[in-house]
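Peer 1:
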Amino acid sequence: MDPPPHVFPASDSPIGNIASLEDKVALITGASSGLGRAMALAYAAAGAYVVSADLKPTPPVAPTIAGRLKDTDLTTPTVDLVNTKWPAPSKDRASFVQCDVTNEESVKAAVAFAVQRYGRLDIMVNNAGISAETGSKEYSGAFPRIHETPVAALDLTYQVNIKGVWLGTKYAVTQMLAQEPHPRHSRPAGALGTTTSDVHRGWIINISSIMGSIAMPGTSPYCASKSAVLGLTRAVGLEYAKDGIHINAIQPGFADTALLENMYSKNDRDSMDATMKMLHPWGRTGRAEDIARAAVFLAGEGASWMTGQSIVVDGGYLAQ
Numbered sequence: 001m002d003p004p005p006h007v008f009p010a011s012d013s014p015i016g017n018i019a020s021l022e023d024k025v026a027l028i029t030g031a032s033s034g035l036g037r038a039m040a041l042a043y044a045a046a047g048a049y050v051v052s053a054d055l056k057p058t059p060p061v062a063p064t065i066a067g068r069l070k071d072t073d074l075t076t077p078t079v080d081l082v083n084t085k086w087p088a089p090s091k092d093r094a095s096f097v098q099c100d101v102t103n104e105e106s107v108k109a110a111v112a113f114a115v116q117r118y119g120r121l122d123i124m125v126n127n128a129g130i131s132a133e134t135g136s137k138e139y140s141g142a143f144p145r146i147h148e149t150p151v152a153a154l155d156l157t158y159q160v161n162i163k164g165v166w167l168g169t170k171y172a173v174t175q176m177l178a179q180e181p182h183p184r185h186s187r188p189a190g191a192l193g194t195t196t197s198d199v200h201r202g203w204i205i206n207i208s209s210i211m212g213s214i215a216m217p218g219t220s221p222y223c224a225s226k227s228a229v230l231g232l233t234r235a236v237g238l239e240y241a242k243d244g245i246h247i248n249a250i251q252p253g254f255a256d257t258a259l260l261e262n263m264y265s266k267n268d269r270d271s272m273d274a275t276m277k278m279l280h281p282w283g284r285t286g287r288a289e290d291i292a293r294a295a296v297f298l299a300g301e302g303a304s305w306m307t308g309q310s311i312v313v314d315g316g317y318l319a320q
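Read in order, the letters of the sequence shown are residues 1 to 320 in this note's numbering.
(1) Out of V79, N17, A224 and V229, point me to the one whose CA is closest to I205's CA.
(2) Assign W305 to one of two classes, buried (16 or more other C-beta atoms within 10 Å of its C-beta) or exposed (fewer than that).
(3) Where does the unbroken beta strand (DSSP E) through P252 begin, and where does it stop?
(4) Distance, Cα to Cα, A299 vs E22?
(5) Looking only at its chain, what residues have a beta carbon closer than 6 Å to the beta carbon of I117, apart from the 5 residues adjacent to it on each side?
(6) The alpha helix (DSSP H) with M272 in it runs from where to where?
(7) State whether the stretch 216-234 contacts the stretch 311-319, with contact taken as three or more CB pairs (one from each stretch) at a distance under 8 Å.
(8) If I measure Cβ to Cβ from L232 and keep anything under 8 Å in the same chain, skipping five residues before and after, which residues do I get?
(9) Spatial neighbours of A319 within its chain, please: C-beta separation below 6 Å, excluding the five flanking residues on both sides.
(10) Based on Cα-Cα distance, which residue from A88, V125 and S106 lies nearest to H246?
(11) Just curious, the alpha helix (DSSP H) that S106 is in, first and last residue?
(12) Could you pull out every residue in the same chain whose Cβ sits closer than 6 Å to the Cβ of R120, ignoring the five residues on either side in sequence?
(13) Between P281 and the rest of its own chain, which residues show a CB-CB distance below 6 Å, the 5 nearest in sequence each way excluded?
(14) Under a three-way DSSP split, which group does S52 fall into?
(15) Buried or exposed for R269, going by 16 or more other Cβ atoms inside 10 Å?
(16) Assuming S52 and I28 are in contact, meaning their beta carbons sit under 8 Å apart, how far apart are those beta carbons, in whole angstroms?
(17) By DSSP, does V101 sit in helix, in strand, or in coil?
(18) Nearest to W86 by alpha carbon, out of V199, W203, Q251 and A46?
(19) Just grab the DSSP bridge partners of F96 for me.
(20) According to DSSP, is A26 part of a helix, a strand, or is it coil?
(21) Give me whichever residues DSSP pairs with I205 in a beta bridge.
(22) Apply the 10 Å Cβ neighbour rule to E148 and answer buried if 16 or more other Cβ atoms are within range, or exposed otherwise.
(23) Inspect the beta-carbon positions of A31 and N103 and report whether they are closer than 8 Å.
(24) Report the CB separation of D155 from C99 in whole angstroms; it is logged as a contact under 8 Å.
(25) Looking at the unbroken alpha helix (DSSP H) that takes in S225, where does it start and where does it end?
So, in structure tokens, the structure goes:
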């Protein structure tokens, strides 16, 4: 199959083809909006087939919040955007599957759907996340301290942010172990000067947060869950390194998504936005595409000797 025109041509360069995800199959949870939506678009642009796994195909964003987000086309499903902009010659570039990441059977079914639709699963992005204590109408307090935080907020946050990542990793790994390494993205011994085979069975990317390394008062369930994602990534990365499965994490900073806007809405929005921008050495909060570019890197040849690691994408916030 000829590479799509937006993918760089094959190369024998020692750095490989680091911008290409050509013919890889990616499953992204929470891909109807925010970071997941941006990653789906970026993966398609890099040549991958994309399965958008979410509760609904369109983002569940309130109109007042949608009006402040840079993604103004919130009524069009992610898969429709992908298929219109990057059509594939013989099948849809992107497909949607309904998935509740807290439900084991739902996650298993989403992985099975990707394999049935595209023949394999190369990339799993465990992106779906929640901040129940600050982003839900049910828990309406602004940054509640732990004695003010309902236990239900902890339970919900852990169900999505930890159990969801654990289940996604478990069933992606199960599929990756059962399939042959991707023929376009593995090298036999002797290729480009290698002395051993460089086999890549899969790439798993877990979305954590800078709040997994630092803390903000009033977000104890969220901070704890994102720290746990980092621990899970390191442990499972070690478990499957010899199988050629890369498992890494991204720690986004404060990015312009519905999650941040929900947090703003519980406070003085304009004042908090100005403060956030001032706190970042880069002078702005993040954009979804900033994180998406890191996700492309971690799913490609540029990260071929990385596992159990996390990349911080935060405009310099943690460096202070």
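By construction, the Cβ of each residue, glycine as well, lies at the ideal position given by its N, Cα and C atoms.
Peer 2: Let me lay it out:
(1) The residue labelled residue 205 in the question sits at position 205 within the sequence shown. Comparing Cα positions, the closest option is V229.
(2) Residue 305 sits at position 305 when you count from the first residue of the sequence shown. In this structure W305 is exposed. Its beta-carbon is surrounded by fewer than 16 other beta-carbon atoms within 10 angstroms.
(3) Residue 252 sits at position 252 when you count from the first residue of the sequence shown. Counted as a single uninterrupted DSSP element, the beta strand (DSSP E) harbouring P252 occupies residues I245 to P252.
(4) Sequence index remark: in the sequence shown, residue 299 carries index 299 (1-based). Sequence index remark: in the sequence shown, residue 22 carries index 22 (1-based). Cα to Cα, the separation comes out at about 11 Å.
(5) For the purposes of this step, residue 117 is taken as residue 117 along the sequence shown, with counting starting at 1. The identity of residue 117 in the sequence shown is Arg, whereas the question assumes Ile. Same-chain partners within the cutoff: S95.
(6) Numbered from its first residue, the sequence shown carries residue 272 at position 272. R269 to L279 is the extent of the alpha helix (DSSP H) around M272.
(7) The stretch 216-234 vs the stretch 311-319: no contact.
(8) For the purposes of this step, residue 232 is identified with residue 232 of the sequence shown, where counting begins at 1. Contacts found: I162, V165, W166, T169 and N206.
(9) Taking the sequence shown and counting its residues from 1, one reaches residue 319 at position 319. Excluding residues within five positions, none has a Cβ falling inside 6 Å.
(10) In the sequence shown, counting from the first residue as 1, residue 246 sits at position 246. Looking at the Cα atoms, V125 is the closest of the given residues.
(11) Within the sequence shown, numbered from 1, the residue matching residue 106 stands at position 106. Per DSSP, S106 belongs to the alpha helix (DSSP H) from E104 to Y118.
(12) As a first step, residue 120 must be located in the sequence shown, where it is residue number 120. Excluding the 5 residues flanking it on each side, R120 has same chain C-beta neighbours closer than 6 Å at V25 and Q179, in chain order.
(13) The residue given as residue 281 occupies position 281 in the sequence shown. So the qualifying residues of the chain are G316.
(14) Here the question's residue 52 lines up with position 52 in the sequence shown. It is a strand residue.
(15) Residue mapping note: residue 269 aligns to position 269 of the sequence shown, counting from 1. Flag for R269 reads exposed.
(16) Counting from 1 along the sequence shown, the entry for residue 52 is found at position 52. Counting from 1 along the sequence shown, the entry for residue 28 is found at position 28. Contact check for S52 and I28: beta-carbon distance about 6 Å, within the 8 Å limit, so the pair qualifies.
(17) Position 101 of the sequence shown, counted from the start, is the residue given in the question as residue 101. The answer is coil: DSSP assigns V101 none of H, G, I, E or B.
(18) Walking along the sequence shown from the start, residue 86 turns up at place 86. Considering only alpha carbons, the answer is A46.
(19) Numbered from its first residue, the sequence shown carries residue 96 at position 96. Answer by DSSP bridge pairing, in chain order: S52.
(20) Here residue 26 refers to the residue found at position 26 of the sequence shown. Reduced to three states, the DSSP call for A26 is strand.
(21) Taking the first residue of the sequence shown as position 1, residue 205 is located at position 205. I205 pairs with V125 and N248.
(22) Locating residue 148 in the sequence shown gives position 148, counting from the first residue. Here E148 is exposed. Its C-beta has fewer than 16 other C-beta atoms within 10 Å.
(23) In the sequence shown, the residue the question calls residue 31 occupies position 31. In the sequence shown, the residue the question calls residue 103 occupies position 103. Cβ atoms of A31 and N103: not closer than 8 Å.
(24) Looking up residue 155 in the sequence shown gives position 155. Looking up residue 99 in the sequence shown gives position 99. Taking the Cβ atoms as the reference, D155 lies roughly 20 Å from C99, outside the contact range of under 8 Å.
(25) Numbered from 1 along the sequence shown, position 225 holds the residue referred to as residue 225. From DSSP, the alpha helix (DSSP H) with S225 extends over S220 to E239.
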